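For the record, the sequence lines run as chains W and X. Going by our numbering, the first residue of the first sequence is number 5, and it counts up by one from there. Going by our numbering, the first residue of the second sequence is number -7, and it counts up by one from there. The C-beta atom is built at its ideal place from N, Cα and C for all residues, glycine as well. Bear in mind that the values here come from a model prediction, so they are computed numbers and not experimental data. The structure appears right after this line, and notes come after that.
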Amino acid sequence: MVEIRGELREKGKSKLQTSLMAATGVKVYGPPLSTAVSRVLGCLLEKDVQFQLIPINLAKGEHKKPDFLKLQPFGQVPAFEDEGLSLFESRAICRYICEKYANGGNKGLYGTDFLSKASIEQWLEAEGQNFNPPSSALVFQLAFAPRMKLKQDEGVIKQNEEKLAKVLDVYEKRLGESRYLAGDEFSLVDLSHLPNAHYLVSATNRGEMFTARTNVGRWWGEISSRDSWKKVVEMQKSPPGA
Amino acid sequence: MATIKVHGNALSTAAQRVMACLHEKGLPFELVLVDMRAGEHKREPFLSLNPFGQVPAFEDGDLKLFESRAVTQYIAHAYADKGNQLICLDPKKMATVSVWMEVESHHFDSAAAMLTWELAIKPLIGMATEATVVEENKVKLAKVLDVYEARLAQSKYIGGDNFTLADLHHLPSVQYLMTTQVKELFDTRPRVSAWCSEILARPAWLKVCALRGNQ
Chain W
5 MVEIRGELRE KGKSKLQTSL MAATGVKVYG PPLSTAVSRV LGCLLEKDVQ FQLIPINLAK
65 GEHKKPDFLK LQPFGQVPAF EDEGLSLFES RAICRYICEK YANGGNKGLY GTDFLSKASI
125 EQWLEAEGQN FNPPSSALVF QLAFAPRMKL KQDEGVIKQN EEKLAKVLDV YEKRLGESRY
185 LAGDEFSLVD LSHLPNAHYL VSATNRGEMF TARTNVGRWW GEISSRDSWK KVVEMQKSPP
245 GA
Chain X
-7 MATIKVHGNA LSTAAQRVMA CLHEKGLPFE LVLVDMRAGE HKREPFLSLN PFGQVPAFED
53 GDLKLFESRA VTQYIAHAYA DKGNQLICLD PKKMATVSVW MEVESHHFDS AAAMLTWELA
113 IKPLIGMATE ATVVEENKVK LAKVLDVYEA RLAQSKYIGG DNFTLADLHH LPSVQYLMTT
173 QVKELFDTRP RVSAWCSEIL ARPAWLKVCA LRGNQ
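Structure below.
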């Protein structure tokens, strides 16, 4: 065993390999800056579940290495482990956390009864199918591409702005009838929107798409000021490798 | 008068997904036709059922839902004791099914739906196929199917040892793609090919195909 950056590790083993060998407890693999990783972190914090965050260095291609691919065969973050169960896909991980830790933290996050759960599933699918694609494309083009010194594609930006605008029009109507998307309580649905919306509002000049719509703006203000999300944003600001 | 209604049509992959689920559970339902060519889905009263203006919309008594994968999950849970089991009661096994449902939804479907649209639907409605879109999405789909080939070496069905919603959700696109040049991507991967043959042969799926006027 040697000490590497304050941790005891077997010589020649990466942080990832060491973690894989370590004992139980909830583990999330990936950088907090990743929208999908932050979705899982938000959920864990809402449910008051203790976890260990294992950094994965995307710039160094750690997510494409064999050890990581065993956890996530598409080579994407996050990966997740709990009591020997290995999962991926942020929304599947969130559903698992909500079911397993149903009695912790925000008990109503995944619905309190059959009907509220059906509504949550409906809007979670809507988020995944309708909100996520255009908002992800815009987050990449407008927030990440400049930082990574990649060329922006104006055509892609315009196309996805139009798509996102249509989705937000639907949300504007819905949020005039309902405090949160799936119903009158904050749920996994609203949480699922936070990662992409956060970048659009804070890291691009398209925040108006949210704030200029009355009901969407009101909703955004409420969900983004939740303590759990504020903690995620703090984690995103932490120095790399922490 | 059926309690369960599916608003859509027999050609829509998303509507087929819901109907396959209903047949697996042996539940009677009414298919209420939505005239998409006339833009019925973009107007009231349809928008009250699905504000995104997409098919299908679903009713079960007073309950109204949209998003096919939310509808199938509702059906599978609400009618867990009827027909074929489509979910796992064990939470860890269900979490794994949930993973592969997300994989279908985010990795498989994006490429498969584009290819289905370009190669299977556009010709039916007299629109021209875009070759670059086809090539791009074939490359994407091939990568997903490589992951599936490896997965099916460890697991009999995509979500685990039993047929579940994770497999069912693939049926509509796979059926269409098997009638196109994309069939080759499936045929050249033995485990994927065997899995497809098996799930496409399920009686519940054959009933959905019959509605389309397919063999």
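Whole-Å CB distance - residue i paired with residue j, under 8 Å assumed
i	j	result
Arg183/X	Leu144/X	4 Å
Val171/W	Pro138/W	7 Å
Ala201/W	Phe214/W	6 Å
Gly45/X	His33/X	5 Å
Met48/W	Gln240/W	The sequence as given places Leu at residue 48/W; Met does not occur at that position. Going by Cβ atoms, the distance from Leu48/W to Gln240/W rounds to 15 Å, so no, they are not a contact pair.
Thr64/X	Leu160/X	7 Å
Leu204/W	Leu142/W	6 Å
Leu111/X	Val126/X	6 Å
Val237/W	Leu45/W	The pair is not a contact, with the Cβ atoms about 10 Å apart (cut-off 8 Å).
His15/X	Val200/X	6 Å
Gly31/X	Thr88/X	Contact flag wrong, Cβ pair sits at about 41 Å.
His99/X	Phe78/W	6 Å
Arg61/X	Met86/X	Not really, about 15 Å apart at Cβ, beyond 8 Å.
Gly75/X	Thr(-5)/X	Not a contact, Cβ separation roughly 16 Å.
Ala147/W	Ala207/W	4 Å
Ala68/X	Leu78/X	4 Å
Ser165/X	Thr108/X	5 Å
Residues that residue i contacts on chain W, provided the C-beta gap is smaller than 8 Å
i	result
Leu55/X	Leu119, Ala122
Paired residues, beta bridge with residue i - DSSP
i	result
Phe50/X	Val(-2)/X, Leu57/X
Asp86/W	Leu89/W
Leu23/X	Val(-2)/X
Partners in chain X for residue i, counting only beta-carbon separations shorter than 8 Å
i	result
Tyr100/W	Pro83, Ala87, Ser90
Lys155/W	By Cβ distance, chain X contributes nothing, its closest Cβ being about 18 Å from Lys155/W, past 8 Å.
Val174/W	Pro43, Phe44
Terminal residues of the beta strand (DSSP E) in which residue i lies
i	result
Lys31/W	31 to 33
Val256/W	For chain W, the structure presents residues 5 to 246; residue 256/W sits outside this window and is missing.
Glu189/W	That residue, Glu189/W, is in no beta strand (DSSP E); it is neither H nor E in DSSP.
Gln56/W	56 to 58
Within chain X, the residues that residue i reaches when beta carbons sit closer than 9 Å
i	result
Leu198/W	Near Leu198/W there are no residues of chain X at all, since even the closest Cβ is about 18 Å away, more than 9 Å.
Lys177/W	Pro43
For residue i, the first and last residue of its enclosing alpha helix (DSSP H)
i	result
Ala6/X	5 to 16
Ala157/W	Reading off the sequence shown, one finds Asp at residue 157/W, where the question assumed Ala. That residue, Asp157/W, is in no alpha helix (DSSP H); it is neither H nor E in DSSP.
Pro182/X	182 to 192
Val125/X	123 to 146
Ile227/W	218 to 228
Met28/X	Element bounds for Met28/X: n/a, residue is neither H nor E.
Met119/X	Premise fails: Met119/X is in no alpha helix (DSSP H) and is neither H nor E.
Trp233/W	231 to 241
Asn110/W	Looking at the DSSP string, Asn110/W is not in any alpha helix (DSSP H), and its letter there is neither H nor E.
Trp197/X	195 to 204
Asn136/W	136 to 142
Ser38/W	Counting along the chain, Ser38/W falls outside any alpha helix (DSSP H), and DSSP gives it neither H nor E.
Ala104/X	101 to 107
Lys104/W	94 to 104
Lys84/X	83 to 95
Ser120/W	118 to 130
Met213/W	212 to 215
Phe72/W	70 to 75
Tyr168/X	163 to 169
Phe38/X	38 to 41
Neighbouring residues, chain X, relative to residue i (Cβ below 7 Å)
i	result
Glu103/W	Pro83
Under 9 Å by beta carbon: chain W residues contacting residue i
i	result
Ser97/X	Glu93, Arg95, Glu129, Gly132, Gln133
Val139/X	Pro77, Phe78
Chain-ordered neighbours of residue i on chain W, where CB pairs are closer than 7 Å
i	result
Ala142/X	Pro77
Glu94/X	Glu93, Arg95, Ala96
C-beta neighbour in chain C for residue i, strict 7 Å
i	result
Gly115/W	Absence of chain C from the displayed structure is noted, the protein chains being W and X.
Within 8 Å of chain W by C-beta, residues of the region 32 to 45 of chain X in sequence order = Pro43, Phe44
query = Taking any Cβ of chain X, which residues in the region 119 to 148 of chain W have a Cβ under 9 Å from it, in chain order?
reply = Leu119, Lys121, Ala122, Ser123, Ile124, Glu125, Gln126, Trp127, Leu128, Glu129, Ala130, Gly132, Gln133, Asn134, Asn136, Pro137
task = Could you run through the region 58 to 76 of chain X and flag, in chain order, every residue whose CB is less than 9 Å away from some CB of chain W?
result = Listed by position, the residues of the region 58 to 76 of chain X near chain W (Cβ gap below 9 Å) are Phe58, Glu59, Ser60, Arg61, Ala62, Val63, Gln65, Tyr66, His69, Ala70.
ask   = When Cβ atoms are compared, which residues of the region 78 to 92 of chain W fall closer than 7 Å to chain X?
value = Phe78, Leu89, Leu91, Phe92
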